[in-house]
Amino acid sequence: MQGHYVTLACSRHGSRVLDAIWSGAALGARKEIAAELGERNQELIRDPFGHHVARNVALTTFLKRREAWEREQGAVAKRRRALNSILED
Numbered sequence: 009m010q011g012h013y014v015t016l017a018c019s020r021h022g023s024r025v026l027d028a029i030w031s032g033a034a035l036g037a038r039k040e041i042a043a044e045l046g047e048r049n050q051e052l053i054r055d056p057f058g059h060h061v062a063r064n065v066a067l068t069t070f071l072k073r074r075e076a077w078e079r080e081q082g083a084v085a086k087r088r089r090a091l092n093s094i095l096e097d
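Pasting the structure below:
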């Protein structure tokens, strides 16, 4: 998928696919996706579907405050693991 994230983000159905990929991705994969999207941030912001993806991945925070973004993504992953643990019991 690498190299195609912006194309997906700017597509009606592709943006939903990218959201699904994002929700299941580990922190390392999220960094790669956000880095690729960040290279074309302005294009995403102007696109009717891309701006939703940029918001969902907190792209502005990724570009301007990377450490805060990583902390938040780590917290999301921790909550997801805790919820999965509860649901498995």
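Add 8 to the 1-based position in the sequence shown for the numbering used here, that's all there is to it. Every residue gets a Cβ at the ideal spot worked out from N, C-alpha and C, and that includes glycine.
With 16 other Cβ atoms within 10 Å as the buried cut-off, status of residue i
i: Ser23; result: buried
i: Val25; result: exposed
i: Gln50; result: exposed
i: Leu16; result: buried
i: Leu62; result: This sequence places Ala at residue 62; Leu is not what is there. Buried, since its Cβ has 16 or more Cβ neighbours within 10 Å.
Cβ neighbours of residue i in the same chain (closer than 8 Å, five flanking residues each side left out)
i: Ala85; result: Ala34, Leu35
i: Glu40; result: Gln10
i: Leu71; result: Gly46, Asn49
Own chain, CB closer than 7 Å to residue i, minus 5 neighbours either side, in chain order
i: Ala76; result: Thr69
i: Ala37; result: none
Continuous alpha helix (DSSP H) stretch holding residue i: start and end
i: Arg73; result: That residue, Arg73, is in no alpha helix (DSSP H); it is neither H nor E in DSSP.
Taking the runs of the alpha helix (DSSP H) that are 4 residues or longer, which of them lie wholly in the segment 14 to 42? 20 to 32
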